[in-house]
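All the letters of the sequence shown, read from the start, carry residue numbers 16 to 206 under my numbering.
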Amino acid sequence: MIEVDNKKLEPASWVEEHGDFLYRYAVSRMRNSESSEEVVQETFVAALKHIEQYQAKGTERAWLLGILKRKIIDFIRERTRTVSLSEEKIIDLPDTLFDQSGNWNKDIQSAGYTPLCSLERKDFWRILGGCLKKLPSRQADVFVLREMEDQGTATICSELEISASNLWVLLHRARLQLSNCMKMSWKLDSE
Numbered sequence: 016m017i018e019v020d021n022k023k024l025e026p027a028s029w030v031e032e033h034g035d036f037l038y039r040y041a042v043s044r045m046r047n048s049e050s051s052e053e054v055v056q057e058t059f060v061a062a063l064k065h066i067e068q069y070q071a072k073g074t075e076r077a078w079l080l081g082i083l084k085r086k087i088i089d090f091i092r093e094r095t096r097t098v099s100l101s102e103e104k105i106i107d108l109p110d111t112l113f114d115q116s117g118n119w120n121k122d123i124q125s126a127g128y129t130p131l132c133s134l135e136r137k138d139f140w141r142i143l144g145g146c147l148k149k150l151p152s153r154q155a156d157v158f159v160l161r162e163m164e165d166q167g168t169a170t171i172c173s174e175l176e177i178s179a180s181n182l183w184v185l186l187h188r189a190r191l192q193l194s195n196c197m198k199m200s201w202k203l204d205s206e
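1) If you drop the 5 nearest sequence neighbours on each side, which residues of the same chain put their C-beta closer than 6 Å to that of A27?
2) Exposed or buried, which one is V60 when buried takes at least 16 other CB atoms within 10 Å?
3) Can you grab the Cα-Cα spacing for the pair I66 / K84, in whole Å?
4) What did DSSP end up calling K72 once you bin it into helix, strand or coil?
5) The alpha helix (DSSP H) with G34 in it runs from where to where?
6) Short check: CB of T168 to CB of L182, under 8 Å?
7) Closest to A189 by CA distance: which of I177, Q166, S152 is it?
8) For the candidate residues G34, S173, Y38, K149, whose alpha-carbon lies nearest to that of D89?
9) If we count Cβ pairs, one from each stretch, closer than 8 Å, do we get three or more for the region 30-44 versus the region 68-83?
10) Taking buried to mean at least 16 other C-beta atoms within 10 Å of its own C-beta, is K64 buried or exposed?
11) Answer with buried or exposed for Q10, where buried requires no fewer than 16 other C-beta atoms within 10 angstroms of its C-beta.
12) Taking a contact to mean a Cβ-Cβ separation below 8 Å, would you say L222 touches R39 in this structure?
13) Round the Cβ separation of V157 and L186 to the nearest angstrom and send it over; I've been treating them as touching at under 8 Å.
14) First and last residue of the alpha helix (DSSP H) that includes E67?
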């Protein structure tokens, strides 16, 4: 047991008390169990290494989660530096998603995919995770950082060393592909 600012930390119990929570969080962001295990382990190592920085303003779990979020961003940044351009295939989506003037095709919206209702379904996160795995890694990374980690444009651009216009193109492609994938997955699940 270690005492920091009159708050007792118990690093020996971190894995048992917080390991599953941190792992589930990492998997939901990273879409890969091995990478998730790695960043959770790095989180515990970093927490032990910098335990004196714990300010006792929140719970141990919140502090560890903050470290994990930073490790996930670091992992994504490193991965994006090593991804080859050959992995970044552009997947053509069916022309049925939009009408000829570029507006969202209303027939697609009535095809049974209702995002607000799907949030209440147990399968939403499973399907979203599966669809994220199908995206090119760079698109998935910017989507996760922007939509799930709530990072700002400047932060993402700086971390991934991309321009704002590149970020918006990647986000646009990711959203379109996720929309199509989720619509198709809901149809398959309901059949």
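Using N, Cα and C, we set each Cβ at its ideal position, and we do this for glycine too.
According to the structure data:
1) none
2) exposed
3) 17 Å
4) coil
5) 29-45
6) yes
7) S152
8) S173
9) yes
10) exposed
11) Only positions 16 to 206 of the chain appear in the structure, and residue 10 is not among them; the question remains open.
12) Nothing can be reported for residue 222, as the shown portion of the chain is limited to 16 through 206.
13) 6 Å
14) Note, E67: premise wrong, no alpha helix (DSSP H); not H, not E.
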